[in-house]
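Novice: Just dropping this structure here.
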Amino acid sequence: MPTFSALKNFLRHTIHSLALAERQILGSRKGRSFILPTPDASSIWCHRCGAQQNRIHNFQDYDEQISCKKCIGTCLARDRTVRLGRYDGQWRDAILAVKHGGDRTLAYELGRLLAQQWQQTITTESFICENAIVIPVPMPLARRVERGIDHASEIALGVSKTLGYPMIRCLEHDAGPVQALMTRADRQSRAQRIHWKGIQKRKFRTTATLDLSSSKTIFVVDDVLTTGSTAAQVCAAIRNRLGQVKIVMLVVATT
Ligand SMILES: [Zn+2]
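Start counting the sequence shown at 581; every next residue gets the next number (our numbering).
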């Protein structure tokens, strides 16, 4: 007698295979089929902040100071940043196709590539993952409804399935007022807009047995890393709840 979760996994796998086949035969939903570029070699970006090259240390050990010219001496909330490429050209097109075109298959593929990129990155350093979990960067509810896709969650699903770590959507993003209508003081006062909301067990049954207190490595997934202020808020929200954990930021592209 198959269990409910086995059945659910089977259905999910079937739907994913069908979606992949559809994309291969018909192209993506918008009639475009993406041929994604090769992800950056691990020597091209700084593994700490994600910026282009200029790395001045080697990654022999996790505790060793690793920084590039851009991030050396700065306090970064995240421990590692992994990216596929820079935010331009085909990577930018792919991100926009997921965000505004609702291409879920492409999102999953980006997640799968990110997971592979991480696996290749850690071959050059001794980074130990202990009871890792995957957390997507949350988006405000109104924007999710408007776009019809929670792109970070879709990418995170690809990461989670490929690495074999559970994914939980445990953060929420307060929408707040429109940024253009706010004063400088308003902007500063609402600095922390991302909060821990808890786990929706109804949606993620597998997390019912997840012991969060034993999780020591968190993979945070997003599409683009720009200033890093969202990343910093996410890290703060996670550490407020889980204490000192290693946080690895997985992003499709950095600006
Ligand atoms: Zn750096």
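We put the CB at the ideal spot given by N, CA and C, even for glycine. Because the structure is a prediction, the values reported are computed rather than measured.
1) What residues in its chain sit with their C-beta under 8 Å from that of ASN820, if we drop five residues either side in the sequence?
2) Does the separation of the CB atoms of ILE735 and ALA674 fall below 8 Å?
3) Under the three-state reduction of DSSP, which class applies to ILE715: helix, strand or coil?
4) Taking the straight line between their C-alpha atoms, what separation do you get for TRP625 and LYS826?
5) So, VAL725 versus TRP698, is the Cβ gap smaller than 8 Å?
6) So, VAL804 versus LEU830, is the Cβ gap smaller than 8 Å?
7) Would SER622 pass as a contact of ASN711 if the rule is Cβ separation under 8 Å?
8) Out of curiosity, what's the CA-to-CA distance linking SER772 and GLY778?
9) Following the continuous alpha helix (DSSP H) through THR701, name the residue where it begins and the one where it ends.
10) Going by C-alpha to C-alpha distance, which of THR810, ILE652, PRO718 sits closest to ILE542?
11) I need the DSSP call for GLU726, collapsed to helix, strand or coil.
12) Sorted by chain position, which residues of the same chain lie with C-beta nearer than 8 Å to CYS651's C-beta, five sequence neighbours on each side aside?
Specialist: Let me spell this out:
1) TRP776
2) no
3) strand
4) 19 Å
5) no
6) no
7) no
8) The amino acid occupying residue 772 in the given sequence is Gln; Ser does not appear at that position. Taking the straight line joining both Cα atoms gives about 17 Å.
9) 684-701
10) Outside the shown range of the chain, which is 581 to 835, sits residue 542, and nothing can be said about it.
11) helix
12) CYS626, ARG628, CYS629, ALA631
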